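In what follows, a single structure is set out as structure tokens and then discussed.
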Amino acid sequence: MTSFHKASSLNASLGGTKLKNNLAYVSSGIPSLDFIIGSGLSAGSVFLVEEDLLGSYSRVLTKYFLAEGVVCKHDLFIASADENPENIVKELPQPCTVSNEKTNRDSSGEMKIAWRYEGLGQVESSFGSNTNFGHHFDLSKHIDEDTVCNCNITYCHLLQDEEKVSGFKNNLYHTLLTNIKKALSKGEYTNSSKNKNILRLSIQALGSPIWMTMDYDDTHSGYGQDLIKFMYCLRMLVRDTNAVAFVTVPSHLFDDEHLIKRILYSVDNAVRIESFAGSSKETNPVYNEYHGLFYITKLSALYTLVPFVPPSLDLAFKLRRKKFVIEKLHLPPELQESSEREQDDITAVPKTCGGFKKKDIDF
């Protein structure tokens, strides 16, 4: 018990965190995402997001992750080879307050749930709506520029050059690892430091076509080796630190179908986004309430013998005007009206005393 209290006191002073299994957790900025992966992102872990085809929804997740860091005054490290990282923080969502309304009212002349259903658990489609961990954000409003400038943000714009390095065929991986190691060497992201803080590492579109060099052969075997080696090195750097890595990869561009499976071995948690934009599901009436499907591809049990079990694996997401929500996938009971169905809905007058015909009974 003495070691437990000692370790807990080391992480208790970290702002924007909570303790679970004696490990500090930070919010991803999306309450529903924190709920389905088990209370958020743990310190010293790597979180992987497999991007959608256009990369628009994965970019929204990245903005939520960074906006939560700005509100909690965490240090940020933003890296990208596809665009200038300074452009990513220009439209971070602004925090807002959400009021929780009671669905069940008292019996003073107002609606109340039937007594036979009072003992049943409430069916919750949207996750994390009643949580007090993290913040709620409004996508229609952006954090002002002065607030972002006052944060400790390190930008890493990766540019291709002809310099050869040992260990990687593409020098971008080596450059990124060097910058991450330099950021972690400040000493503020260890439990032994007095002025400790959380470092949020955001790497956008890792493994995109710009990460390929002309030195690779037609099979891109060197490309896959570099990517896998980088992910393992990243996990070693952030382990036992107060840093959280949020990495997005365009897995739909990988030629080798086994590449993403090997990458999953080097991360702690991973999810995949499937967008309906441009696909046949976009016009399918089954999915007319959603913008895409959300898959949980890996969950790790950290500092515990009992792994977290998600409430459901059939998940979908909506991108509303003000927020991004992950919900249970509910299918409509009736997809289309048929001529037989219309006849069944018509109340027929019985011709005999025996009652109605079979077609007049609606099951």
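Going by my numbering, the sequence shown opens with residue 3, and the numbers climb by one from there.
Just so you know, even glycine gets a beta-carbon here, dropped at the ideal spot from N, CA and C.
Treat the numbers as computed from the prediction; the structure is a model and nothing was measured.
Residue i - containing alpha helix (DSSP H), residue span
i    : result
T180 : N173 to L186
V72  : S58 to V73
T19  : T19 -> not in any alpha helix (DSSP H); beta strand (DSSP E) instead, spanning T19 to K22.
S34  : P33 to I39
T149 : E147 to C151
Beta-carbon proximity of residue i to residue j, cut-off 9 angstroms
i    : j    : result
R202 : G71  : yes
I275 : F256 : no
W213 : Y175 : yes
S270 : K231 : Reading off the sequence shown, one finds Asp at residue 270, where the question assumed Ser. Not closer than 9 angstroms, so no.
P87  : F139 : no
G209 : V251 : yes
Y292 : F278 : yes
V150 : V246 : no
L331 : L321 : no
L50  : V249 : yes
L160 : A83  : yes
I182 : C74  : no
Nearest residue (CA-CA) to residue i, options the options
i    : options                   : result
V288 : T177, Y191, Y225 and L333 : L333
E329 : R323, P95, I32 and A26    : I32
T177 : C235, N197 and H138       : C235
H137 : P312, Q162 and P95        : P95
A207 : A69, L25, V28 and L63     : L63
L21  : K325, K324 and L304       : L304
N134 : K324, S29 and L16         : S29
T306 : I38, E165, N23 and L16    : N23
L35  : C74, N193 and S60         : S60
I26  : S142, N89, L161 and T192  : Per the sequence shown, residue 26 should be read as Ala rather than Ile. Out of S142, N89, L161 and T192, T192 has the C-alpha closest to the C-alpha of A26.
G40  : F319, V308, L266 and V327 : V308
S194 : G226, L160, N244 and I182 : N244
R211 : K65, Y66 and H254         : The sequence given here has Pro at residue 211, not Arg. Minimum Cα distance to P211 is reached at H254.
R323 : D258, H144 and K263       : H144
S302 : I38, T19 and G18          : I38
E190 : D242, Y225, G226 and M233 : D242
E52  : G18, E85, I265 and V327   : I265
Exposure of residue i, with buried meaning 16 or more beta-carbon neighbours within 10 Å
i    : result
G294 : buried
A272 : buried
D219 : Residue placement at D219 cannot be trusted, given a pLDDT of 49 that sits under 50; what the coordinates show is reported in the next sentence. By the neighbour-count rule (16 or more Cβ atoms within 10 Å), D219 is not buried but exposed.
E147 : exposed
D163 : exposed
E93  : exposed
P313 : exposed
S268 : buried
T285 : exposed
K325 : buried
D228 : buried
G111 : Confidence in G111 is poor, its pLDDT being 48 and thus under 50, which makes the residue's placement too unreliable to answer from.
L180 : As written in the sequence, residue 180 is Thr, which differs from the Leu given in the question. Exposed: under 16 other Cβ atoms inside 10 Å.
L16  : buried
M216 : Low local confidence applies: a pLDDT of 45 at M216 is under 50, so the model's placement there is unreliable, with the coordinate-based value given in what follows. So M216 ends up on the exposed side.
L261 : buried
K198 : buried
E103 : Residue placement at E103 is poorly supported in this model, since its pLDDT is 44, which falls under 50; the coordinates still yield a value, given next. Under this definition E103 is an exposed residue.
T99  : exposed
L68  : buried
S282 : exposed
K65  : buried
N173 : buried
T105 : Any reading at T105 needs caution, since the residue's pLDDT is 40, under 50, leaving its predicted position unreliable; the model's value is listed next. That one is exposed.
Terminal residues of the beta strand (DSSP E) in which residue i lies
i    : result
R322 : Looking at the DSSP string, R322 is not in any beta strand (DSSP E), and its letter there is neither H nor E.
K263 : No beta strand (DSSP E) contains K263, which is instead part of the alpha helix (DSSP H) from L261 to L266.
E276 : N271 to S277
Y157 : I155 to H159
L295 : G294 to K300
K143 : H138 to H144
Y366 : No answer is possible for residue 366: it lies beyond the span of the chain, which begins at 3 and ends at 365.
A81  : D77 to S82
R202 : L201 to Q206
P287 : Careful: P287 lies outside any beta strand (DSSP E) and carries neither H nor E.
Q96  : P95 to C98
A45  : Counting along the chain, A45 falls outside any beta strand (DSSP E), and DSSP gives it neither H nor E.
E329 : F326 to K330
V246 : A245 to V251
L25  : L25 to V28
Check: residue i C-beta below 8 angstroms from any heavy atom of the ligand NAD
i   : result
L55 : By its list of ligands, the structure shown contains no ligand whatsoever, and the ligand NAD lies outside what it can speak to.
Contact with chain D by residue i, beta-carbon distance below 9 angstroms
i    : result
L331 : Here chain D cannot be found, since the structure has a single protein chain.
When the Cβ atoms of the segment 169–178 are set against those of the segment 41–49, are three or more pairs found closer than 8 angstroms? Note that the segment 169–178 does not touch the segment 41–49; fewer than 3 beta-carbon pairs, one per stretch, sit closer than 8 angstroms.
Is there contact between the segment 143–157 and the segment 72–85, where contact requires at least three CB pairs shorter than 8 angstroms? Contact between the segment 143–157 and the segment 72–85 is present: 3 or more CB-CB pairs across the two stretches fall below 8 angstroms.
For the 8 angstroms Cβ check, are there 3 or more pairs between the segment 50–58 and the segment 185–194? Counting C-beta pairs with one atom in each stretch, the segment 50–58 and the segment 185–194 have fewer than three that are closer than 8 angstroms, which means they do not touch.
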